[in-house]
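In the working numbering, the protein residues as written are 1153 to 1582.
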């Protein structure tokens, strides 16, 4: 059984890398990308694997493995999240780092792409142990991250508290007169530690915005539209919260523990309160009925938001999906072959590099505020975020219409063309 699970995890991670490469090659072929620039973009710039010891609460020492992959920095410093999950390895980090490069380029940000994390299940460790693990990982990475070099952010199973530990550890390695210059080494920090208003909801708000723009584009109302969400973390919750305010109805949610359903609607706020009191699990929520995980994507709904892990929508379930829109809150949730099936069936997909880019845009705003010694109010942050995401959505929608291509291909073409232009203008050293 263990061998089978390990094999499945390995296939999923290899599948993510295969997916991002196929997406890249498809767009590169369409635009006839310069072959030399193509060689640069299809590999990563730097990859770090660190093994480090941490003393556990019982006095025993455990060795952990951490990763950081820096894909490309032609447009600016590397940017990307750190995740704590058993599936984290070098291939997963490579795939996610590449997606970050395309995401930041599409959003028009002065960033490149990076990703990383630690291979562990955080539920098996105490808060004190997680703090020691995080601090030791930060120390092991050393000067391979930095406010003008590589700026981590929260991702799966990491949060503002994780970023605060990284910030404090990193700053502690600098001389006293240099510490305040390093406040922007991470984004997604708590407000009191230099974080930005609105960063907590930026990714989920961005998912909601792209759905709203899609609805406007299609001339459909979101009111009374039924939607389902896979993953009820930060992204899943905030996307649900804002969609509910538009009058849409959340009918089903799936998390790592199971799935629940209520055709009359599930309150995102009540469900969040429940999960906080139930060790993060939605199981046992009184206002919904438990359902089989295997039936989740086959539910009758208008909008499906995969906001958990990669490769969740596959050839096995793509034919059963009834939603007319898939909004990718997670990175790489849709397998390439599954996407072919969905597009043939007339199902629209808002691609991850557009749909969940609100997070990195919010991070950029936090980075700017730290850099410039500014503090923006919540309404200002959300207003700027909406403007930036509308620009990106409109570019993709225009490219989709003009070139008769799907949204993902259009998004990749725009992202890669921006990088190609940078290389053409700057040349390649030496």
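All residues carry an ideal CB built from backbone N, CA and C; glycine is no exception.
query: Going by Cα to Cα distance, which pick from 1199, 1277 and 1205 is closest to residue 1297?
result: Counted from its first residue, the chain shown places residue 1297 at position 145. Taking only the C-alpha atoms, the option nearest residue 1297 is 1199.
- prompt: So does the segment 1362-1371 actually touch the segment 1327-1341, counting three or more Cβ pairs closer than 8 angstroms?
  reply: no
Alpha-carbon to alpha-carbon, residue 1405 and residue 1415: Here the question's residue 1415 lines up with position 263 in the chain shown. Here the question's residue 1405 lines up with position 253 in the chain shown. Using only the alpha carbons, I get a separation of about 11 angstroms.
query: Roughly how many angstroms lie between the CA atoms of residue 1560 and residue 1170, to the nearest whole one?
result: Sequence index remark: in the chain shown, residue 1560 carries index 408 (1-based). Sequence index remark: in the chain shown, residue 1170 carries index 18 (1-based). Residue 1560 and residue 1170: Cα-Cα distance of roughly 16 angstroms.
task: Identify every residue that forms a DSSP beta bridge with residue 1215.
output: Translated into positions along the chain shown, residue 1215 becomes position 63. Paired residue(s): 1205.
- request: Kindly indicate which residue of 1345, 1295 and 1308 has the alpha-carbon position closest to the one of residue 1319.
  value: Numbered from its first residue, the chain shown carries residue 1319 at position 167. When each option's Cα is compared against that of residue 1319, the closest is 1345.
query: Tell me, which residues are paired with residue 1304 by DSSP?
result: Looking up residue 1304 in the chain shown gives position 152. Paired residues: 1232.
task: Spatial neighbours of residue 1566 within its chain, please: CB distance less than 7 angstroms, with the 5 preceding and 5 following residues excluded, ordered by chain position.
output: Counted from its first residue, the chain shown places residue 1566 at position 414. The answer, listed in chain order, is 1258, 1547, 1548 and 1551.
Buried or exposed by the 16-neighbour rule on C-beta atoms within 10 Å, applied to residue 1521: As a first step, residue 1521 is located in the chain shown; it is residue number 369 there, counting from the start. When all chains shown are included, residue 1521 counts as buried.
- prompt: How do the segment 1345-1362 and the segment 1511-1521 stand: do at least 3 beta-carbon pairs fall below 8 angstroms, yes or no?
  reply: yes
contact_flag[the segment 1467-1479, the segment 1230-1248] where n(CB pairs < 8 angstroms) is 3 or more: no
message: Mapping the DSSP letters down to three states, classify residue 1342 as helix, strand or coil.
response: Within the chain shown, the letter at position 190 stands for residue 1342. Of the three classes helix, strand and coil, the one that applies to residue 1342 here is coil, per DSSP.
- prompt: When the Cα atoms are used, what is the spatial distance from residue 1376 to residue 1419?
  reply: Taking the chain shown and counting its residues from 1, one reaches residue 1376 at position 224. Taking the chain shown and counting its residues from 1, one reaches residue 1419 at position 267. Straight-line Cα distance between these residues: approximately 14 angstroms.
- request: Going by CA-CA distance only, name the one from 1532, 1446, 1409 and 1452 that's closest to residue 1437.
  value: Position 285 of the chain shown holds residue 1437. Looking at the Cα atoms, 1409 is the closest of the given residues.
- prompt: Ordered along the chain, which non-local residues of its own chain (more than five positions away) have a Cβ less than 7 angstroms from that of residue 1545?
  reply: The residue given as residue 1545 occupies position 393 in the chain shown. If we look at residue 1545 and ignore the five residues flanking it on each side, its Cβ neighbours are 1362, 1365 and 1506.
- request: Provide the residue span of the alpha helix (DSSP H) that contains residue 1544, from first to last.
  value: Here residue 1544 refers to the residue found at position 392 when the chain shown is read from its first residue. 1530-1555 is the span of the alpha helix (DSSP H), which, as asked, contains residue 1544.
task: Run the CB neighbour count on residue 1211, radius 10 Å, all protein chains shown included, and call it buried at 16 or more, exposed below.
output: Against the chain shown, residue 1211 aligns to sequence position 59. Answer is exposed; the Cβ neighbour count stays below 16.
task: May I ask which residues mark the beginning and end of the beta strand (DSSP E) holding residue 1413?
output: In the chain shown, counting from the first residue as 1, residue 1413 sits at position 261. Residue 1413 -> beta strand (DSSP E) spans 1410-1413.
field: Per-residue burial, residue 1411 [other beta carbons within 10 Å of its own, 16 or more giving buried]
entry: Position 259 of the chain shown holds residue 1411. Result: buried.
- prompt: Count the other CB atoms within 10 Å of the CB of residue 1223; is the residue buried (16 or more) or exposed (fewer)?
  reply: The residue given as residue 1223 occupies position 71 in the chain shown. So residue 1223 counts as buried.
- request: Express the C-alpha separation of residue 1390 and residue 1353 in angstroms, rounding to a whole number.
  value: Residue numbering aside, residue 1353 sits at position 201 when the chain shown is read from its first letter. Residue numbering aside, residue 1390 sits at position 238 when the chain shown is read from its first letter. About 6 angstroms.
- prompt: What separation, rounded to the nearest whole angstrom, lies between the Cα atoms of residue 1287 and residue 1294?
  reply: What you label residue 1287 is simply residue 135 of the chain shown in a count that begins at 1. What you label residue 1294 is simply residue 142 of the chain shown in a count that begins at 1. Each residue's alpha carbon lies about 11 angstroms from the other.
message: Could you check whether residue 1485 and residue 1464 sit closer than 8 angstroms to each other, using their CB atoms as the reference points?
response: Within the chain shown, the letter at position 312 stands for residue 1464. Within the chain shown, the letter at position 333 stands for residue 1485. A contact, by the Cβ cut-off of 8 angstroms.
message: Here's the rule: buried if 16 or more other CB atoms are within 10 angstroms of the residue's CB, otherwise exposed. What is residue 1220?
response: Position 68 of the chain shown, counting from 1, holds the residue named residue 1220. Residue 1220 comes out buried.
query: Would you report the Cα separation of residue 1537 and residue 1512, rounded to the nearest angstrom?
result: One-based indexing of the chain shown puts residue 1537 at position 385. One-based indexing of the chain shown puts residue 1512 at position 360. Taking the straight line joining both Cα atoms gives about 10 angstroms.
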